[in-house]
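**Student:** Residue numbers (numbering that gives the first Met the number 0): 0 to 331. Every residue, glycine too, gets a C-beta built ideally from N, C-alpha and C. As the structure is a prediction and not an experimental result, all values here were calculated from the model.
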Amino acid sequence: MENNEIQNEDLNFNNRIPLEDLKNAVKDIKRELSKVIIGQENFIELLIVSLLVDGHVLIEGVPGIAKTVTAKLFAQTLKTDFSRIQFTPDLMPSDILGTSIFNVKTSEFEYKKGPIFSNIVLIDEINRAPAKTQAAMFETMEERQVTMDGTTYKMKAPFMVLATQNPIEQEGTYALPEAQLDRFLFKIKVDYPSVEEEILIIKTHHERKGAIAKELINGVLTPEQLVKYKANIQDVIVEEKIIKYIAEIISKTRNHPHLYLGGSPRASIATLNASKAYAAISGRDFVTPEDIKKTLVPILNHRVILTPEREMEGMTTESVIQMITESVEIPR
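1) Per DSSP, which residues does Q164 bridge with? Please list them.
2) Only counting the same chain, and skipping five residues up and downstream in sequence, which positions put a Cβ closer than 7 Å to that of T172?
3) Between the C-alpha atoms of L225 and T76, what's the straight-line distance to the nearest angstrom?
4) Going by Cα to Cα distance, which pick from M159, D148 and G149 is closest to A74?
5) With 16 as the cutoff for other CB atoms within 10 Å, does S326 come out buried or exposed?
6) If we count Cβ pairs, one from each stretch, closer than 8 Å, do we get three or more for the region 45-58 versus the region 271-287?
7) Strictly by DSSP, which residues pair up with G97?
8) What span of residues does the alpha helix (DSSP H) with M311 cover, start to end?
9) Looking at N118: is its Cβ nearer than 7 Å to the Cβ of P157?
10) In whole angstroms, what separates the C-alpha of H205 from that of L18?
11) Is the beta carbon of M147 closer than 7 Å to that of Y110?
12) May I ask which residues mark the beginning and end of the beta strand (DSSP E) holding F86?
13) For A41, which three-state DSSP category applies?
14) Applying the 10 Å Cβ sphere with the 16-neighbour rule, what's the burial state of N7?
15) Using three-state DSSP, classify N14 as helix, strand or coil.
16) Tell me the start and end of each unbroken alpha helix (DSSP H) in the region 118-146 that is at least 4 residues and wholly inside, in chain order.
17) For Y228, which of helix, strand or coil comes out of DSSP?
18) Count the other CB atoms, across all protein chains shown, that sit within 10 Å of the CB of K155; report buried if there are 16 or more and exposed otherwise.
19) CA-CA distance, L203 and K186?
20) Under 7 Å between the Cβ atoms of I84 and I58?
21) Hey, how far is the Cα of Y259 from the Cα of V286?
22) Give me, in chain order, the residues of the same chain whose beta-carbon lies closer than 7 Å to that of F101; leave out the 5 immediate sequence neighbours on both sides.
23) With burial defined as no fewer than 16 other Cβ atoms inside 10 Å of the residue's Cβ, what is the status of N231: buried or exposed?
24) Helix, strand or coil, according to DSSP, for F183 in the structure here?
25) For R15, is the classification buried or exposed, using 16 other Cβ atoms within 10 angstroms of its Cβ as the cut-off for buried?
26) Is it buried or exposed for V296, if we count other Cβ within 10 angstroms and need 16 for buried?
27) For L32 versus L72, is the C-beta distance shorter than 7 Å?
28) Are the beta-carbon atoms belonging to F86 and E124 less than 7 Å from one another?
29) Less than 8 Å between C-beta atoms, sequence neighbours within five positions excluded: which residues of the same chain meet that for G97?
30) Which two residues bound the contiguous alpha helix (DSSP H) that contains L295?
31) Do you know offhand how far P256's Cα is from K34's?
32) Among L45, I268, I36 and N41, whose alpha-carbon lies nearest the alpha-carbon of K213?
33) Do you know how far the Cα of T315 is from the Cα of G261?
34) According to DSSP, which residues form a beta bridge with S82?
35) Run through DSSP, which three-state label would I336 get?
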C-alpha cells in the first residue's frame with residue numbers, strides 16, 4: 000500500500016514553469032472560434048503555436064473553405080491591431096510598406112506607413128503579386144522592421160503574417176521563391192470539410208440568422224499576456240536525445256532519393272520552437288517525440304521539393320516526410 004502511495008506521488012509531478020494560464024488562454028481562443036468555425040481544429044492549433052513562437056503562416060486551399068475567415072477571426076480573438084492586404088498583379092512595394100510624401104508646410108519628406116504596420120497582417124492571395132512586391136516583405140518578415148530612406152522603423156510586437164494562396168487558379172500568379180517560403184514557419188494545407196462537418200456548418204450559418212461572424216468573437220488574449228506565455232515556452236525542457244531526433248529527421252531530407260531539395264537548419268530550429276509550444280499548450284514543461292511529429296508536415300511541406308520523377312508519379316511531400324519520420328528511431 001505504501002509503495003502505491005509513493006508511486007502516485009511520483010506521477011503527480013508539478014511543472015517547473017506555470018503553464019495553466021497558457022492552457023486556459025488556448026482553450027478560450029478555441030472556444031471563441033468554435034462559435035463560427037466548424038472543424039479545422041488542427042488549422043487553429045497551428046495558428047496558435049505559430050503566434051506563440053513568433054512565426055508566420057502560409058495557408059493553402061481552394062476557395063470557399065474559410066481560410067480567410069478563420070485567419071480574420073483568429074486575429075479577432077487577440078486584443079491587437081489587424082490589417083488585411085489583397086495582393087494583385089499591379090500591387091507595388093510602396094502600397095504595402097508605405098512611402099515618403101513631401102510636406103509643403105515643413106518642406107520635408109514625411110514617411111506615411113503602409114498597411115504592413117499592424118500586429119496581425121492577413122495577405123490574401125500572396126502569389127498574385129509580382130516578385131518585387133513579394134521581395135519587399137523579406138525584411139519585414141525576418142527582421143520585423145522596415146527600412147525606408149535610410150531610416151529603420153521597427154514593427155510593434157506581436158507581429159505575424161498570415162498569407163493565403165489558392166493552388167488551383169495558377170493564371171496570373173507568381174510562384175513564391177524558396178527564400179521567401181523558408182520565412183514561413185508553417186505551410187498549412189486546408190482541405191474540404193467532412194459531410195458531418197458540412198452539415199454543422201450549414202446549421203450554424205442558418206442559426207446565426209444573418210448575424211455578422213466578426214461580432215460574435217471576443218478578444219481573449221492581450222499583448223502583455225502573450226509576452227509572458229512566450230517567455231514560459233522558452234523555458235520548456237528539451238533533452239539531448241530529442242535534439243538529436245530533430246537533427247536526424249531534417250538531415251535525412253537532404254539526402255533522400257525522392258527529394259530534390261531538403262530542409263535547411265532553419266527547419267530544424269522551427270521544429271524545435273514549434274514542438275516546445277506544442278508541449279506548453281498541452282500543459283507539459285518538456286518536449287516529447289509526439290510534439291515533434293505534429294510539427295514536421297507543416298514545417299517541411301514548403302521547404303522540401305520532390306524530384307521531377309516522383310512528382311510525375313503523383314507522390315506528395317507529405318508522404319515522403321511520413322516515410323522519413325518512420326525511418327528514424329524514436330528516442331526512448
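**Tutor:** Reading it off the structure:
1) In the sequence shown, the residue the question calls residue 164 occupies position 165. Answer by DSSP bridge pairing, in chain order: E59.
2) For this step, residue 172 is matched to residue 173 along the sequence shown. N126 and R127, listed in sequence order.
3) The count along the sequence shown starts at 1 and reaches residue 225 at position 226. The count along the sequence shown starts at 1 and reaches residue 76 at position 77. Each residue's alpha carbon lies about 12 Å from the other.
4) Your numbering for residue 74 matches position 75 in the sequence shown. Checking every option, the nearest Cα to that of A74 belongs to M159.
5) Along the sequence shown, read from residue 1 onward, the residue named residue 326 stands at position 327. It is exposed - the Cβ of S326 has fewer than 16 other Cβ atoms within 10 Å.
6) yes
7) Indexing the sequence shown from 1 puts residue 97 at position 98. K112, per the DSSP bridge assignment.
8) Position 312 of the sequence shown, counted from the start, is the residue given in the question as residue 311. From DSSP, the alpha helix (DSSP H) with M311 extends over P307 to M311.
9) In the sequence shown, residue 118 corresponds to position 119, counting from 1. In the sequence shown, residue 157 corresponds to position 158, counting from 1. In contact: N118 and P157 (Cβ atoms closer than 7 Å).
10) Sequence index remark: in the sequence shown, residue 205 carries index 206 (1-based). Sequence index remark: in the sequence shown, residue 18 carries index 19 (1-based). Approximately 38 Å between the Cα atoms of the pair.
11) Translated into positions along the sequence shown, residue 110 becomes position 111. Translated into positions along the sequence shown, residue 147 becomes position 148. A contact, by the Cβ cut-off of 7 Å.
12) Here residue 86 refers to the residue found at position 87 of the sequence shown. Premise fails: F86 is in no beta strand (DSSP E) and is neither H nor E.
13) Taking the first residue of the sequence shown as position 1, residue 41 is located at position 42. Ala is not the amino acid found at residue 41; the sequence shown has Asn there. The answer is helix: DSSP assigns N41 an H, G or I state.
14) For this step, residue 7 is matched to residue 8 along the sequence shown. Residue placement at N7 is flagged as unreliable, the pLDDT there being 41, under the threshold of 50; a coordinate-derived value is accordingly withheld.
15) Position 15 of the sequence shown, counting from 1, holds the residue named residue 14. Coil at N14, not helix or strand.
16) 130-134 and 136-142
17) Taking the first residue of the sequence shown as position 1, residue 228 is located at position 229. Helix at Y228.
18) Taking the sequence shown and counting its residues from 1, one reaches residue 155 at position 156. Exposed, because fewer than 16 other Cβ atoms sit within 10 Å of the Cβ of K155.
19) Indexing the sequence shown from 1 puts residue 203 at position 204. Indexing the sequence shown from 1 puts residue 186 at position 187. Inspection of the sequence shows that residue 203 is occupied by Thr rather than by Leu. If I take the Cα positions, the gap works out to 28 Å.
20) Start at 1 with the first residue of the sequence shown, and residue 84 comes out as number 85. Start at 1 with the first residue of the sequence shown, and residue 58 comes out as number 59. Cβ distance not < 7 Å, so I84 and I58 don't count as in contact.
21) Taking the first residue of the sequence shown as position 1, residue 259 is located at position 260. Taking the first residue of the sequence shown as position 1, residue 286 is located at position 287. If you take the alpha carbons of Y259 and V286, they lie about 30 Å apart.
22) Within the sequence shown, numbered from 1, the residue matching residue 101 stands at position 102. Counting only Cβ-Cβ distances below 7 Å, and skipping sequence neighbours, we find F108.
23) Here the question's residue 231 lines up with position 232 in the sequence shown. So N231 ends up on the buried side.
24) The sequence position of residue 183 within the sequence shown is 184, counting from 1. In this structure, F183 counts as coil in the three-state DSSP scheme.
25) Within the sequence shown, the letter at position 16 stands for residue 15. Per the 10 Å Cβ criterion, exposed.
26) Here residue 296 refers to the residue found at position 297 when the sequence shown is read from its first residue. Buried, since its Cβ has 16 or more Cβ neighbours within 10 Å.
27) Mapped onto the sequence shown, residue 32 falls at position 33. Mapped onto the sequence shown, residue 72 falls at position 73. Yes. Within cutoff.
28) As a position in the sequence shown, residue 86 is number 87, starting the count at 1. As a position in the sequence shown, residue 124 is number 125, starting the count at 1. It is a contact, given that the beta carbons lie within the stated cut-off.
29) Your numbering for residue 97 matches position 98 in the sequence shown. Contacts found: Y110, K111, K112, G113, I115, F116, V145 and M147.
30) Taking the sequence shown and counting its residues from 1, the one referred to as residue 295 is at position 296. It spans P288 to L299 - the alpha helix (DSSP H) in which L295 sits, taken as one unbroken run.
31) In the sequence shown, residue 256 corresponds to position 257, counting from 1. In the sequence shown, residue 34 corresponds to position 35, counting from 1. Rounded to the nearest angstrom, the two C-alpha atoms are 45 Å apart.
32) Taking the first residue of the sequence shown as 1, we reach residue 213 at position 214. Closest option to K213, Cα to Cα, is I36.
33) Within the sequence shown, the letter at position 262 stands for residue 261. Within the sequence shown, the letter at position 316 stands for residue 315. Cα to Cα, the separation comes out at about 14 Å.
34) Numbered from its first residue, the sequence shown carries residue 82 at position 83. Per DSSP, V120.
35) Residue 336 is absent from the structure shown; the chain starts at 0 and stops at 331.
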